[in-house]
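>
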Amino acid sequence: MIARRFMIGAALALAGASAALAQTPDTLKLRDELMALEKGSWDFMRDKNYDGMKNFLADDALLIFWDGTRYNKRQTLELMKDYRLDSLTIEPTYAVRLLTPDVATLLYRVTYTSSVKGGPAQTVMVLSSSIYVKRDGKWWSVLYQESSIR
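Structure follows, in structure tokens:
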């Protein structure tokens, strides 16, 4: 019983600490910084900005899309040639979770319409999570994953 109370108390303390941390000015600043990077990556895809995307994705990056397709950095850069982004709406309720001083997760909802290789355009609504790592003072995208919510 004591162990169970301790676990519940520890969980509540962690939840409270996490909520307090999420509200700090530094965390809010990081959230906005990472969201600016994330929005930039969508622009890179739309504009076929190969160099911009190359400088955004870490060499060990992995992208997993709503339909289960997976791309590493090289494959993503290759995909850009045949990718068309027609529309994009990012909901303003995004959040960041700082896991360590050099690792953060950005969470947000996005609806976008796109097509590949001239195929039919598809509109999807997804919950996106992006994991960033700070290497040599720069935030790099190492994992992008989206899950369909519609």
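First residue of the sequence shown: 4, per the numbering used here; consecutive thereafter. Note that the Cβ used here is the ideal one computed from N, Cα and C, for glycine as well.
#1: Going along the chain, which residues of its own chain have a beta-carbon closer than 6 Å to the beta-carbon of leucine 110, five neighbours each way excluded?
#2: With DSSP run on the structure shown, which of helix, strand or coil describes threonine 72?
#3: Could you give the distance in angstroms between the alpha-carbon of phenylalanine 59 and the alpha-carbon of leucine 80?
#4: Using 8 Å as the cut-off, can you tell me whether the region 116-129 makes contact with the region 84-91, which would need three or more C-beta pairs spanning the two stretches below that distance?
#5: Can you check which of these residues, Leu65, Asp63, Thr72, Thr114, is closest to lysine 42 by C-alpha distance?
#6: Isoleucine 152 to leucine 130, Cα distance in whole Å?
#7: What distance in whole Å lies between the Cβ atoms of tryptophan 69 and serine 150, which are believed to be in contact at a cut-off of 8 Å?
#8: Any idea what DSSP makes of lysine 57, helix, strand or coil?
#9: On the criterion of 16 or more Cβ atoms from any shown chain inside 10 Å, does alanine 154 qualify as buried, or is it exposed?
#10: Does alanine 64 pass the burial test, meaning 16 or more other C-beta atoms within 10 Å, or should it be called exposed?
Quick answer:
#1: Here residue 110 is taken as the residue at index 107 of the sequence shown, counted from 1. Excluding residues within five positions, the ones whose Cβ falls inside 6 Å are Ala98, Ser132.
#2: Here residue 72 is taken as the residue at index 69 of the sequence shown, counted from 1. Looking at threonine 72 - three-state DSSP - the assignment turns out to be coil, as it is neither helix nor strand.
#3: Within the sequence shown, numbered from 1, the residue matching residue 59 stands at position 56. Within the sequence shown, numbered from 1, the residue matching residue 80 stands at position 77. About 11 Å.
#4: yes
#5: Start at 1 with the first residue of the sequence shown, and residue 42 comes out as number 39. Minimum Cα distance to lysine 42 is reached at Thr114.
#6: Working through the sequence shown from its first residue, we reach residue 152 at position 149. Working through the sequence shown from its first residue, we reach residue 130 at position 127. Each residue's alpha carbon lies about 7 Å from the other.
#7: Position 147 of the sequence shown holds residue 150. Position 66 of the sequence shown holds residue 69. About 6 Å; that satisfies the 8 Å criterion.
#8: The sequence position of residue 57 within the sequence shown is 54, counting from 1. Three-state result, lysine 57: helix.
#9: This structure cannot speak to residue 154, because the chain is shown only from 4 to 153.
#10: Working through the sequence shown from its first residue, we reach residue 64 at position 61. It counts as buried.
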